[in-house]
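Structure first, then comments.
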Amino acid sequence: MPVWTRSKYVSIYDDPALEFLESTQIQMALCDGISRKSDVAPSEVELDVPGVFWYGVRSLGESVGVVGLRPNAPFRGATTLVAVAIIRQYRGNALGTHSVLAVARKMKRDGVKLYGSVPRTNGRGLYFWLRCGYAPITLKEGASGETLFRKI
Numbered sequence: 000m001p002v003w004t005r006s007k008y009v010s011i012y013d014d015p016a017l018e019f020l021e022s023t024q025i026q027m028a029l030c031d032g033i034s035r036k037s038d039v040a041p042s043e044v045e046l047d048v049p050g051v052f053w054y055g056v057r058s059l060g061e062s063v064g065v066v067g068l069r070p071n072a073p074f075r076g077a078t079t080l081v082a083v084a085i086i087r088q089y090r091g092n093a094l095g096t097h098s099v100l101a102v103a104r105k106m107k108r109d110g111v112k113l114y115g116s117v118p119r120t121n122g123r124g125l126y127f128w129l130r131c132g133y134a135p136i137t138l139k140e141g142a143s144g145e146t147l148f149r150k151i
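Here it is as structure tokens:
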């Protein structure tokens with residue numbers, strides 16, 4: 000699997016077959032990204048989202064999560080990180096934060112402005128972006144039901 004970008008603690012990899020998305024643990028982690036009290040079953044998580052590119056996250060040789068990127072959003076020349084999902088057993092090790100930092104460095108090298116997005120129903124997700132050094136912003140044409148963040 001080709002590494003798309005990496006940091007000291009995580010590798011973000013591209014798997015064209017998207018096999019990592021078939022993992023029930025990954026699907027559960029994505030459900031948590033909607034809301035910790037989500038009534039969505041892992042098998043019901045919509046992964047075929049138009050315009051979103053999925054990448055696997057590995058740490059110490061293990062598949063630990065996924066990130067989802069939407070290029071040219073919220074505007075042309077920018078990219079929005081729409082999902083950061085770490086499998087429950089690997090949480091608490093800052094792997095989500097390291098994933099965001101690795102993606103942010105890659106985007107900066109490529110001259111692309113990175114934004115974060117989280118459903119308003121996910122309070123922990125909102126706090127996560129604040130801890131990563133991002134601040135909420137409002138766009139006139141902002142999507143309903145989500146909060147957009149940019150690096151301060």
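Using numbering that gives the first Met the number 0, you'd call the opening residue of the sequence shown number 0 and step up by one each time.
A virtual CB, placed ideally from N, CA and C, is assigned to each residue, including glycine.
Quick one: what does DSSP say Tyr133 is sitting in, helix, strand or coil?
-> strand
Residue ranges of each beta strand (DSSP E) run of no fewer than 3 residues wholly in the stretch 45-112, ordered along the chain?
-> 52-58, 61-70, 77-85
Near Lys107, what residues of its chain come up, given a Cβ to Cβ distance below 6 Å and the 5 sequence neighbours on each side ignored?
-> none
From the DSSP output, read off the bridge partner residues of Ser217.
-> An answer regarding residue 217 cannot be provided, because it is not within the stretch 0 to 151 covered by the chain.
For Leu157 versus Val99, is the C-beta spacing smaller than 8 Å?
-> The question about residue 157 has no answer, for the chain in this structure spans 0 to 151.
Out of Phe127, Pro135, Arg87, point me to the one whose CA is closest to Leu29's CA.
-> Arg87
Can you pull the DSSP bridge partners for Ser6?
-> None; Ser6 has no bridge partner.
Residues that Ile25 bridges to, as DSSP identifies them = According to DSSP, Ile25 bridges with nothing at all.
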